[in-house]
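*Asks:* First residue of the sequence shown: 239, per the working numbering; consecutive thereafter.
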Amino acid sequence: MEFTLYPHPPFHFDLTLQRYRLFGEDAAHIYIDGVYCRVIESDGKLWLYALQDAGVSAAPAVQVRLLGGEAAAHHRAAVEADIRHFLSLDLDLEPFYRWAQADPVLSELTQRCAGMRPPRASNLFEALVTSITAQQVNLAFATTIRSRLIKRYGKSLWVDGKPYYAFPTPEALADASLQDLRDMQFSWRKGEYIVNLAREVVDGSLRLEEFPQLSNEAIIERITQVKGLGRWTADWLLARGLGRGDVVAAGDLGVRKAVGKFYYGGQTPSIEAVRALTAPWGMFQNLAIHYLLAGLRMPDLPPHAAHPPPRRRRPA
239 MEFTLYPHPP FHFDLTLQRY RLFGEDAAHI YIDGVYCRVI ESDGKLWLYA LQDAGVSAAP
299 AVQVRLLGGE AAAHHRAAVE ADIRHFLSLD LDLEPFYRWA QADPVLSELT QRCAGMRPPR
359 ASNLFEALVT SITAQQVNLA FATTIRSRLI KRYGKSLWVD GKPYYAFPTP EALADASLQD
419 LRDMQFSWRK GEYIVNLARE VVDGSLRLEE FPQLSNEAII ERITQVKGLG RWTADWLLAR
479 GLGRGDVVAA GDLGVRKAVG KFYYGGQTPS IEAVRALTAP WGMFQNLAIH YLLAGLRMPD
539 LPPHAAHPPP RRRRPA
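1) Buried or exposed: which applies to Leu476, given that a residue is buried once 16 or more other Cβ atoms fall within 10 Å of its Cβ?
2) As an exercise, report each continuous alpha helix (DSSP H) stretch of at least 4 residues that is fully enclosed by the segment 350-387, in chain order.
3) Where Val367 and Val493 are concerned, what is the direct C-alpha to C-alpha distance, given to the nearest angstrom?
4) Assign Trp337 to one of two classes, buried (16 or more other C-beta atoms within 10 Å of its C-beta) or exposed (fewer than that).
5) For Asp330 and Arg355, I'd like the C-alpha separation in whole angstroms.
6) Would Pro357 and Ser326 be called neighbours here (beta carbons separated by less than 9 angstroms)?
7) Which residues in the same chain as Ala380 place their Cβ atom closer than 6 angstroms to its Cβ, once the five residues preceding and following it in sequence are excluded?
8) Specify the secondary structure class of Lys283 as computed by DSSP and reduced to three states.
9) CB Pro333 to CB Ser295, shorter than 9 angstroms?
10) So who's on the other strand from Val277, going by DSSP bridges?
11) Kindly identify the DSSP beta-bridge partner or partners of Ala240.
12) Could you have a look at Ser394 and say whether DSSP puts it in helix, strand or coil?
13) DSSP three-state call for Val343: helix, strand or coil?
14) List the endpoints of the continuous beta strand (DSSP E) containing Tyr403.
15) Could you name each continuous beta strand (DSSP E) segment of 3 residues or more that falls completely within the segment 489-538, going from the start of the chain to the end?
16) Would Phe241 and Asp291 qualify as a contact pair, given that the criterion is a beta-carbon distance under 9 angstroms?
17) Go to Phe408, then tell me how far its alpha helix (DSSP H) extends in each direction, as first and last residue.
18) Going by alpha carbons, who is nearest to Asn434 out of Leu395, Ile461, Glu448 and Pro537?
19) Excluding five sequence neighbours on each side, which residues of the same chain lie with their C-beta closer than 6 angstroms to the C-beta of Pro401?
20) Can you find at least 3 beta carbon pairs, one from the segment 377-391 and one from the segment 504-511, that sit closer than 8 angstroms?
21) Out of curiosity, what's the CA-to-CA distance linking Pro234 and Asp418?
22) Which residues in the same chain have their Cβ closer than 6 angstroms to the Cβ of Ala410, if we skip the five residues on either side of it in sequence?
23) Compare the Cα-Cα distances from Lys499 to each of Gln374, Arg276 and Met536 and report the closest residue.
24) Can you list, in chain order, the residues of its chain whose CB lies under 8 angstroms from that of Arg469, leaving out five sequence neighbours each side?
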């Protein structure tokens, strides 16, 4: 089955998906030569969807190929919903772009990265496990060990003689062997955190399906009660898992470096300084940080003068 999706313009396919090619192969998010592939489960069956850019920024289109068998209308609907959520296809960037014009840094970044959207995790369990794998290691190593986990515990779907993997379910990881995880180069603690998280989801003590209806504060409180999960993980869950606009993972070193490059003359600010700087940005905090992180990877953009921008009225 093939069909086309039409994102709210502007939309830049490669900039939106670039994180999946910057740090090595991610076994659950294959992005090679302009084609993005992901396995999801719908109606008890695995499906592989392959995405390609089929438009331009001002008139964007995404071509979808659904592979894995004969697809019915409800399978297409499930896949389309997953893609729209994952790529934030219905997000209107124009209010953010208009607001960003008042800031020289964000004005330049929104022009250079026009149409870039923050990918969101398809499910919150995947987002939390991804955060655990990234704790206190570089992203390339985190991607490597996470891919080992996916290939060992995720379900596989063979297409054209090649295996593709779905992210492991909580049930699969709840029964994972700690020694097995250690052999994949997870630390003992990280292995314990992953298995404990999976068991809390399976036994119902952590009800992730309720999180979309909870406030940021309630989610932070609940997440930080789980062994091995702190404020850093909770903030990224809110930002990358739920797509909340008024969130900044201020404890993330990359975020602090990005803010430091553009607002503190290349010096890395404290967590408190990052929160104080970004709080007036209101519902645009998450998007602004996403663009600042992209700017951090642009070597031709030098550090800016060491003074924060003026405080501005929060966007509605």
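Every residue, glycine too, gets a C-beta built ideally from N, C-alpha and C.
On a predicted model such as this, the values are computed, not experimentally measured, just so you know.
*Replies:* Looking at the coordinates:
1) By 1-based counting over the sequence shown, the position of residue 476 is 238. Classification of Leu476: buried, given that the 10 Å Cβ count is 16 or more.
2) 362-371
3) Indexing the sequence shown from 1 puts residue 367 at position 129. Indexing the sequence shown from 1 puts residue 493 at position 255. Taking the straight line from one Cα to the other gives about 20 angstroms.
4) As a position in the sequence shown, residue 337 is number 99, starting the count at 1. Answer is buried; the Cβ neighbour count reaches 16.
5) The residue given as residue 330 occupies position 92 in the sequence shown. The residue given as residue 355 occupies position 117 in the sequence shown. Distance between the alpha carbons of Asp330 and Arg355: 10 angstroms.
6) Your numbering for residue 357 matches position 119 in the sequence shown. Your numbering for residue 326 matches position 88 in the sequence shown. Yes.
7) In the sequence shown, counting from the first residue as 1, residue 380 sits at position 142. Here the set comprises Thr371 and Ala372.
8) Position 45 of the sequence shown holds residue 283. Of the three classes helix, strand and coil, the one that applies to Lys283 here is strand, per DSSP.
9) The sequence position of residue 333 within the sequence shown is 95, counting from 1. The sequence position of residue 295 within the sequence shown is 57, counting from 1. Cβ distance not < 9 angstroms, so Pro333 and Ser295 don't count as in contact.
10) Residue numbering aside, residue 277 sits at position 39 when the sequence shown is read from its first letter. Bridge partners of Val277: Leu286.
11) Numbered from 1 along the sequence shown, position 2 holds the residue referred to as residue 240. First, the residue type needs correcting, since residue 240 is Glu and not Ala in the sequence shown. Answer by DSSP bridge pairing, in chain order: Arg303.
12) For the purposes of this step, residue 394 is identified with residue 156 of the sequence shown, where counting begins at 1. Ser394 falls in the strand class under three-state DSSP.
13) Counted from its first residue, the sequence shown places residue 343 at position 105. Three-state result, Val343: helix.
14) As a first step, residue 403 must be located in the sequence shown, where it is residue number 165. Tyr403 -> beta strand (DSSP E) spans Lys400 to Tyr403.
15) none
16) In the sequence shown, the residue the question calls residue 241 occupies position 3. In the sequence shown, the residue the question calls residue 291 occupies position 53. Contact flag unset, no.
17) As a working mapping, residue 408 is identified with position 170 in the sequence shown. First, the amino acid is wrong: residue 408 is Pro here, not Phe. Where Pro408 is concerned, the enclosing alpha helix (DSSP H) stretches over Pro408 to Ala412.
18) Locating residue 434 in the sequence shown gives position 196, counting from the first residue. That would be Ile461, whose Cα lies nearest to the Cα of Asn434.
19) Taking the first residue of the sequence shown as 1, we reach residue 401 at position 163. Counting only Cβ-Cβ distances below 6 angstroms, and skipping sequence neighbours, we find Ser394.
20) no
21) Since the first residue of the chain shown is 239 and the last is 554, residue 234 is not available in this structure.
22) To locate residue 410, count along the sequence shown from 1; it is residue 172. Counting only Cβ-Cβ distances below 6 angstroms, and skipping sequence neighbours, we find Tyr391.
23) For the purposes of this step, residue 499 is identified with residue 261 of the sequence shown, where counting begins at 1. Out of Gln374, Arg276 and Met536, Met536 has the C-alpha closest to the C-alpha of Lys499.
24) Position 231 of the sequence shown, counted from the first residue, corresponds to residue 469. Only Ile458, Thr462 and Gly489 meet the Cβ criterion.
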